[in-house]
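In this note's numbering, the protein residues as written are 35 to 405. Note that CB positions come from ideal geometry on N, CA and C, so glycine has one too.
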Ligand SMILES: Cc1ncc(COP(=O)(O)O)c(C=O)c1O
């Protein structure tokens, strides 16, 4: 099923299904906790989550209680973990909508213990340790003291223990193995203190695909589900199909002689006789203007350079052959059997593949004429 999120964003839910199936069979018997935070990385929270739910994912990771509530209201009953900060949010929503909290610091652990006592019902808690990434979580050197204190608590419900890897592909193998060792020790320690979480999870997409040793009974995968390998070296290990295609269309064509400037002489000169084409997609979509003159787009399944300049609502390509008016131009995603992946584009401007889809604005399809 194809979904038009906006005039320029096409979502292929069948591709989402096939990526899920590929990933699930790669990690089985582990379950897939589908990371649908940030509006499913810009792919549409509800439709993507419902599709993954039907396919049999184990649960969902969201970025806010609000996203979790939206999922519950759409009828999803599987576990939902609010992965990012929730401090200051009405905590009763976690109970009301059966959302799990990420406890990433001792402050939050104590807070959840006290709130669970006051409310007379425990809030499901995923306890996060920093095993080497250095970003969020209780530092692993404090694991023993933390777990001993938790073992004495009466109200907290540790549903999971987890950590996040500094791992984006096989080149990070040694770092990954080191974190695995630390994580395994933490789980053993917890078990020895009588803390037996229902879930343990460590793997992101890259590790789920490329690091079979990764422990845990869940993997937390985002970008691979959306059909985007997190890096080039992961791409060859598991075929993934982009779920999102960002596209525009040719709205004017100009024949160019070798050396002729396009769209004005200031920005680009034709390296040989060819054609310049204006496309109805500009930076108001969230596509990064700074990538022009570095990136290519797909036209009739062939790669053409994006040239000159980008304005709010248009951009320009150069082609050896004459483009037809109204032809589709793909900025990333699929066209005629060719694929343009985010890991090919993002490094051109020092970005991560994750950033590009989440930058997009999602204006509804515009209508040129009033009806
Ligand atoms: C804690 C955590 N786990 C898992 C993920 C999913 O990572 P990926 O999209 O690489 O699978 C993220 C993504 O930001 C994350 O922050």
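- Query: Can residue 239 be considered in contact with ligand 1, in the sense that its beta carbon sits closer than 8 Å to one or more heavy atoms?
  - Reply: For this step, residue 239 is matched to residue 205 along the chain shown. Checking the 8 Å criterion, the Cβ of residue 239 is within range of a heavy atom belonging to ligand 1.
| Should residue 264 be listed as close to ligand 1, given that the test is whether its C-beta is under 8 Å from any heavy atom? | As a first step, residue 264 is located in the chain shown; it is residue number 230 there, counting from the start. Distance from the C-beta of residue 264 to the nearest heavy atom of ligand 1 is below 8 Å.
*Closest to residue 118 by CA distance: which of 134, 276 and 243 is it?*
On the chain shown, position 84 is the one that residue 118 refers to. For the set 134, 276 and 243, the Cα lying nearest the Cα of residue 118 is the one of 134.
- Message: Just to confirm before moving on: does the CB-CB distance between residue 149 and residue 184 stay below 9 Å?
- Response: For this step, residue 149 is matched to residue 115 along the chain shown. For this step, residue 184 is matched to residue 150 along the chain shown. In this structure, residue 184 does not lie closer than 9 Å to residue 149 by Cβ.
Practice prompt. Keeping to the same chain, check which residues put their C-beta closer than 6 Å to that of residue 170; ignore five residues upstream and five downstream.
Written response: Taking the first residue of the chain shown as 1, we reach residue 170 at position 136. Only 138 meet the Cβ criterion.
Let me confirm a value: residue 335 is counted as buried when at least 16 other C-beta atoms fall within 10 Å, else exposed. Which label applies? In the chain shown, residue 335 corresponds to position 301, counting from 1. When all chains shown are included, residue 335 counts as exposed.
Output the boundary residues of the alpha helix (DSSP H) element that contains residue 150.
-> In the chain shown, counting from the first residue as 1, residue 150 sits at position 116. Element bounds for residue 150: 140-153.
* Asked: Between 374, 392, 126 and 242, which lies nearest to residue 207 when the distance is taken from Cα to Cα?
  -> What you label residue 207 is simply residue 173 of the chain shown in a count that begins at 1. For the residues 374, 392, 126 and 242, the minimum Cα distance to residue 207 belongs to 242.
task: Identify whether residue 69 lies in helix, strand or coil by the three-state DSSP scheme.
output: Translated into positions along the chain shown, residue 69 becomes position 35. Residue 69: strand per DSSP, three-state reduction.
- Message: According to DSSP, simplified to helix, strand and coil, what is residue 87?
- Response: Working through the chain shown from its first residue, we reach residue 87 at position 53. Helix at residue 87.
| said: Give the list of continuous beta strand (DSSP E) stretches no shorter than 3 residues that lie fully inside the stretch 202-275. | reply: Within the stretch 202-275, the complete beta strand (DSSP E) runs of at least 3 residues are 233-237 and 252-255.
Q. If you draw a straight line from the C-alpha of residue 403 to the C-alpha of residue 120, how long is it?
A. As a working mapping, residue 403 is identified with position 369 in the chain shown. As a working mapping, residue 120 is identified with position 86 in the chain shown. Confidence is the limiting factor: at residue 403 the pLDDT is only 47, short of 50, which leaves the residue's position unreliable and the question unanswerable from this model.
Determine the direct distance from the alpha carbon of residue 375 to that of residue 147, and round the result to whole angstroms. On the chain shown, position 113 is the one that residue 147 refers to. On the chain shown, position 341 is the one that residue 375 refers to. So the two alpha carbons sit approximately 44 Å from each other.
ask   = How many angstroms separate the CA atom of residue 3 from the CA atom of residue 266?
value = With the chain covering only 35 through 405, there is no way to say anything about residue 3.
Leaving aside the five residues before and after residue 363 along the sequence, list all residues of the same chain whose C-beta is less than 6 Å from its C-beta, in chain order. Counted from its first residue, the chain shown places residue 363 at position 329. Once the five neighbours on either side are set aside, the close Cβ partners of residue 363 are 282, 313, 331 and 333.
Worksheet item: What number of angstroms, rounded off, separates the C-alpha of residue 261 from the C-alpha of residue 236?
Response: Within the chain shown, the letter at position 227 stands for residue 261. Within the chain shown, the letter at position 202 stands for residue 236. Straight-line Cα distance between these residues: approximately 20 Å.
Worksheet item: Would you say the beta carbon of residue 375 comes nearer than 8 Å to a heavy atom of ligand 2?
Response: Ligand 2 is not part of this structure, which contains only ligand 1.
| field | For residue 350, the three-state DSSP class (helix, strand or coil) | value | The residue you call residue 350 lines up with position 316 of the chain shown. Strand.
Helix, strand or coil at residue 416 according to DSSP, with G and I counted as helix
The first residue shown for the chain is 35 and the last is 405, placing residue 416 beyond what the model contains.
Query raised in the report: Assuming residue 166 and residue 212 make a contact with CB atoms under 8 Å, what is their CB distance in whole Å?
Result: One-based indexing of the chain shown puts residue 166 at position 132. One-based indexing of the chain shown puts residue 212 at position 178. Sure, about 6 Å apart at Cβ, within 8 Å.
- If you draw a straight line from the alpha carbon of residue 92 to that of residue 194, how long is it in whole angstroms? Start at 1 with the first residue of the chain shown, and residue 92 comes out as number 58. Start at 1 with the first residue of the chain shown, and residue 194 comes out as number 160. Taking C-alpha positions only, residue 92 is separated from residue 194 by approximately 13 Å.
Are the Cβ atoms of residue 240 and residue 284 separated by less than 9 Å?
Here residue 240 is taken as the residue at index 206 of the chain shown, counted from 1. Here residue 284 is taken as the residue at index 250 of the chain shown, counted from 1. Not in contact: residue 240 and residue 284 (Cβ atoms no closer than 9 Å).
Worksheet item: Which residues bound the alpha helix (DSSP H) around residue 279?
Response: Within the chain shown, numbered from 1, the residue matching residue 279 stands at position 245. Where residue 279 is concerned, there is no enclosing alpha helix (DSSP H), although the beta strand (DSSP E) it sits in stretches over 278-290.
Using only the heavy atoms of ligand 1, determine whether one of them is closer than 8 Å to the beta carbon of residue 78.
The residue you call residue 78 lines up with position 44 of the chain shown. Result no, Cβ not under 8 Å from ligand 1.
Worksheet item: Taking the alpha-carbon positions, what's the residue 400 to residue 317 distance?
Response: Locating residue 400 in the chain shown gives position 366, where the first residue counts as 1. Locating residue 317 in the chain shown gives position 283, where the first residue counts as 1. Note that residue 400 scores 49 on pLDDT, short of 50, meaning its location in the model is unreliable; the coordinates nonetheless yield the value given after this. Going by the C-alpha atoms only, they are around 16 Å apart.
* **Rounded straight-line distance, which links the Cα of residue 394 to that of residue 205** => Position 171 of the chain shown holds residue 205. Position 360 of the chain shown holds residue 394. Their Cα atoms are separated by approximately 30 Å.
- Message: To the nearest angstrom, how far is the alpha carbon of residue 202 from that of residue 264?
- Response: The residue given as residue 202 occupies position 168 in the chain shown. The residue given as residue 264 occupies position 230 in the chain shown. Straight-line Cα distance between these residues: approximately 6 Å.
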